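One structure below.
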Amino acid sequence: MACAIAKRTAASEVTSLPPTTRLRRIAHLDMDAFYASVELLRYPQLKGLPVVIGGGRRREDDLLGRLRAAHPEQEWSSAHLHHIPLDFFPRLDGYTGRGVITTATYAARQFGVGSALGLMKAAKLCPQAILLPVDFDQYRHYSRRFKAIVTDIAPLMEDRGVDEVYIDFTDVPGGQREGGRVLARLIQKAIFDDTGLTCSVGVAPNKLLAKMASEFNKPRGISIVWEEDLEDTIWPLACRKINGIGPKLEAKLQSHGIETIGQLAAREQQWLMDNFGERSGAWLHAASHGQDARAVVLESEPVSMSRETTFDADLHAVRNRAELGAIFTKLCEQVAGDLQRKGYVGKTIGIKLRFDDFQIVTRDQTIDHFTADAQEIRQFAGQCLKRAPLQKRLRLLGVRVGALLKAEDAAERAANSASHDQGADGLTGQLF
Ligand code: TTP
Ligand code: MG
Ligand code: MG
Numbered sequence: 034m035a036c037a038i039a040k041r042t043a044a045s046e047v048t049s050l051p052p053t054t055r056l057r058r059i060a061h062l063d064m065d066a067f068y069a070s071v072e073l074l075r076y077p078q079l080k081g082l083p084v085v086i087g088g089g090r091r092r093e094d095d096l097l098g099r100l101r102a103a104h105p106e107q108e109w110s111s112a113h114l115h116h117i118p119l120d121f122f123p124r125l126d127g128y129t130g131r132g133v134i135t136t137a138t139y140a141a142r143q144f145g146v147g148s149a150l151g152l153m154k155a156a157k158l159c160p161q162a163i164l165l166p167v168d169f170d171q172y173r174h175y176s177r178r179f180k181a182i183v184t185d186i187a188p189l190m191e192d193r194g195v196d197e198v199y200i201d202f203t204d205v206p207g208g209q210r211e212g213g214r215v216l217a218r219l220i221q222k223a224i225f226d227d228t229g230l231t232c233s234v235g236v237a238p239n240k241l242l243a244k245m246a247s248e249f250n251k252p253r254g255i256s257i258v259w260e261e262d263l264e265d266t267i268w269p270l271a272c273r274k275i276n277g278i279g280p281k282l283e284a285k286l287q288s289h290g291i292e293t294i295g296q297l298a299a300r301e302q303q304w305l306m307d308n309f310g311e312r313s314g315a316w317l318h319a320a321s322h323g324q325d326a327r328a329v330v331l332e333s334e335p336v337s338m339s340r341e342t343t344f345d346a347d348l349h350a351v352r353n354r355a356e357l358g359a360i361f362t363k364l365c366e367q368v369a370g371d372l373q374r375k376g377y378v379g380k381t382i383g384i385k386l387r388f389d390d391f392q393i394v395t396r397d398q399t400i401d402h403f404t405a406d407a408q409e410i411r412q413f414a415g416q417c418l419k420r421a422p423l424q425k426r427l428r429l430l431g432v433r434v435g436a437l438l439k440a441e442d443a444a445e446r447a448a449n450s451a452s453h454d455q456g457a458d459g460l461t462g463q464l465f
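The numbering of the sequence shown is the numbering used here, which starts it at 34 and goes up by one.
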């Protein structure tokens with residue numbers, strides 16, 4: 034089944050160097066121990082301690098419940114999280130289960146634990162580490178916040194996931210000073226002042242080198258790389274440090290005796306193309322020489338998300354009612370899943386039909402609230418379907434949700450319009 038996300042504007046690109054003598058300076062910014070650092074904002078008493086984030090999301094307010102039982106003389110709510118005594122936090126010790134670590138604080142990393150390690154294994158390496166459950170809503174919130182700060186200062190930003198972005202420094206004030214260090218420092222400070230979170234920045238002639246550089250001085254690091262640093266700084270690194278060389282390609286390179294980027298650069302381009310294919314070979318050659326012409330691409334917010342499917346054989350609305358109904362429900366569930374995963378809700382729900390004569394018909398309706406709920410989408414999409422002509426056989430069926438808003442913005446709007454004041458206790462309810 035096809036899945037589509039429609040964007041408000043076409044991605045705009047910085048396609049060429051500015052018509053000045055300025056050097057192209059590209060930054061890669063990556064938040065330090067992101068999920069863990071966000072948790073530490075809530076629990077500052079854990080600063081400096083080994084903390085790992087992973088395992089399921091606990092819904093019941095277990096921790097606060099235990100605190101109320103142990104210290105009934107005190108009031109315990111989300112406003113008192115930073116007073117929670119250390120011995121009330123769950124430890125890794127004795128963990129059994131199949132959970133994996135999403136990330137770990139730098140204090141925990143000293144024990145050899147980090148992203149993707151099983152929690153049981155981690156419990157052996159660092160039993161005293163504190164284990165906190167994940168809270169994606171919170172990470173998404175801070176992700177949006179730090180990106181908003183970046184674009185306020187340097188508008189040419191490319192979103193590369195929850196905790197990292199590329200930024201074109203070339204024409205931004207301060208972007209050329211000390212190779213970009215001045216601007217990098219300014220952005221670091223602005224993010225820290227607003228969120229309390231730290232990040233690391235690499236500034237280089239292109240994305241490839243910037244991405245490597247942002248890791249050089251983590252955490253709270255700034256690394257400046259120039260073209261002429263290639264031999265001394267980049268070539269001694271393992272090939273795996275090139276973003277795009279995964280474990281499989283690394284193993285294949287090793288089977289040819291190529292461990293470092295320098296060893297890769299020493300191979301003839303033709304030899305690489307013969308052994309790794311035309312495209313990969315050419316790319317490996319360019320990457321090992323620090324070359325990367327990719328532009329920083331502006332991302333825009335999606336306006337709609339849709340799922341559609343073309344049937345193996347044409348279906349009829351009446352004769353194949355059951356089969357169509359099942360497909361329709363599945364499409365609604367998939368759109369709802371897409372929305373929820375990406376953190377959006379929508380207000381306009383629609384369908385698309387293509388008949389056996391290739392005629393296309395769409396119907397939609399706008400409801401009075403935002404949703405990402407599969408059943409609700411199914412209900413309103415079903416009403417749209419009733420308004421469509423269904424005499425001809427169908428080739429394709431699609432479901433679309435538009436007028437999108439970030440889920441947290443919609444929640445904020447709803448809260449404001451209801452003007453209720455229930456405190457912030459819901460936050461901890463999700464955590465423990
Ligand atoms: P990273 O930027 O790779 O890691 P990090 O920010 O935790 O630490 P660093 O200081 O080294 O950058 O990933 C960002 C977030 O993505 C991380 O906090 C948790 C999540 N993540 C996973 O859930 N699983 C993973 O395997 C990785 C690598 C990250
Ligand atoms: Mg990070
Ligand atoms: Mg990252």
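Heads up, the beta-carbon is just placed ideally off N, CA and C, and yes, glycines get one too. Keep in mind the model is a prediction, meaning the values are calculated, not measured.
Continuous alpha helix (DSSP H) stretch holding residue i: start and end
i, result
"R374", "354 to 375"
"D182", "What sits at residue 182 in the sequence shown is Ile, not Asp. Where I182 is concerned, the enclosing alpha helix (DSSP H) stretches over 169 to 186."
"F67", "67 to 75"
"R312", "311 to 321"
"L286", "280 to 288"
"K419", "407 to 419"
"R142", "139 to 142"
"L79", "Looking at the DSSP string, L79 is not in any alpha helix (DSSP H), and its letter there is neither H nor E."
"L114", "Segment: none, L114 is in no alpha helix (DSSP H) and carries neither H nor E."
DSSP state of residue i mapped onto helix, strand, coil
i, result
"I393", "strand"
"E93", "Confidence at E93 is low in this model, with a pLDDT of 41, below 50, so its placement is unreliable and the value that follows should be read with caution. The answer is coil: DSSP assigns E93 none of H, G, I, E or B."
"E191", "strand"
"T342", "strand"
"D401", "strand"
"F225", "helix"
"T54", "coil"
"T129", "coil"
"R273", "helix"
"A299", "coil"
"C36", "strand"
"R426", "coil"
"F122", "coil"
"R253", "coil"
"L100", "helix"
"D265", "helix"
"D347", "strand"
Heavy atom of ligand 3 within 7 Å of residue i beta-carbon
i, result
"D397", "no"
"E197", "yes"
Residues sharing a beta bridge with residue i, DSSP
i, result
"G435", "S337, T381"
"G87", "I134"
"V258", "DSSP output for V258 lists no bridge partner at all."
"G151", "V133"
"F388", "L427"
Endpoints, beta strand (DSSP E) assigned at residue i
i, result
"E197", "197 to 201"
"S233", "232 to 237"
"L62", "59 to 64"
"I163", "163 to 165"
Check: residue i C-beta below 7 Å from any heavy atom of ligand 2
i, result
"H226", "The question names His, yet the displayed sequence has Asp at residue 226. No, the beta carbon of D226 sits no closer than 7 Å to any heavy atom of ligand 2."
"D390", "no"
"D65", "yes"
Residue i CB to nearest heavy atom of ligand 1 below 7 Å
i, result
"S321", "no"
"S148", "yes"
"P252", "yes"
"Y76", "no"
"T136", "yes"
"Y68", "yes"
Proximity test, residue i beta-carbon vs ligand 4 heavy atom, cut-off 7 Å
i, result
"Y175", "In terms of ligand content, the structure shown lacks ligand 4 and carries ligand 1, ligand 2 and ligand 3 instead."
**Study point:** Three CB pairs or more closer than 8 Å across the region 293 to 301 and the region 164 to 180
**Key:** No, the region 293 to 301 does not touch the region 164 to 180.
Exercise for review: Decide if the region 425 to 434 is in contact with the region 341 to 352; the criterion is three or more beta carbon pairs, one per stretch, under 8 Å apart.
Suggested key: Counting Cβ pairs under 8 Å, three or more are found: they touch.
Review point. Taking contact to mean at least 3 C-beta pairs separated by less than 8 Å, is the region 262 to 273 in contact with the region 213 to 232?
Key: No, because fewer than three Cβ pairs between the region 262 to 273 and the region 213 to 232 fall closer than 8 Å, the two stretches do not touch.
**Study point:** Validate contact between the region 64 to 71 and the region 219 to 235 using beta carbons, cut 8 Å, 3 pairs
**Key:** Contact check between the region 64 to 71 and the region 219 to 235: three or more CB pairs, one atom from each, fall below 8 Å, which counts as touching.
Practice item. Count the CB pairs spanning the region 114 to 130 and the region 142 to 159 that are closer than 8 Å, and state whether there are at least three. Key: Taking 8 Å as the limit for Cβ pairs, the verdict is that the region 142 to 159 does touch the region 114 to 130.
Practice item. Could you say if the region 145 to 155 and the region 102 to 112 meet the contact criterion of at least three C-beta pairs nearer than 8 Å? Key: Verdict: no, contact absent.
Point to revise | the region 277 to 284 / the region 243 to 262 touching (three or more Cβ pairs under 8 Å) | key: The answer is no - the region 243 to 262 does not touch the region 277 to 284, with fewer than three Cβ pairs under 8 Å.
Review point. If we count Cβ pairs, one from each stretch, closer than 8 Å, do we get three or more for the region 67 to 75 versus the region 356 to 372?
Key: Judged by Cβ distances under 8 Å, the region 67 to 75 makes no contact with the region 356 to 372, as fewer than three pairs qualify.
Exercise for review: Say whether the region 159 to 168 touches the region 194 to 207, bearing in mind that this needs 3 or more beta-carbon pairs closer than 8 Å, one atom from each stretch.
Suggested key: No, the region 159 to 168 does not touch the region 194 to 207.
Point to revise | the region 383 to 397 touching the region 420 to 429, judged by at least three CB pairs closer than 8 Å | key: The region 383 to 397, when compared against the region 420 to 429, does touch it at the 8 Å Cβ threshold.
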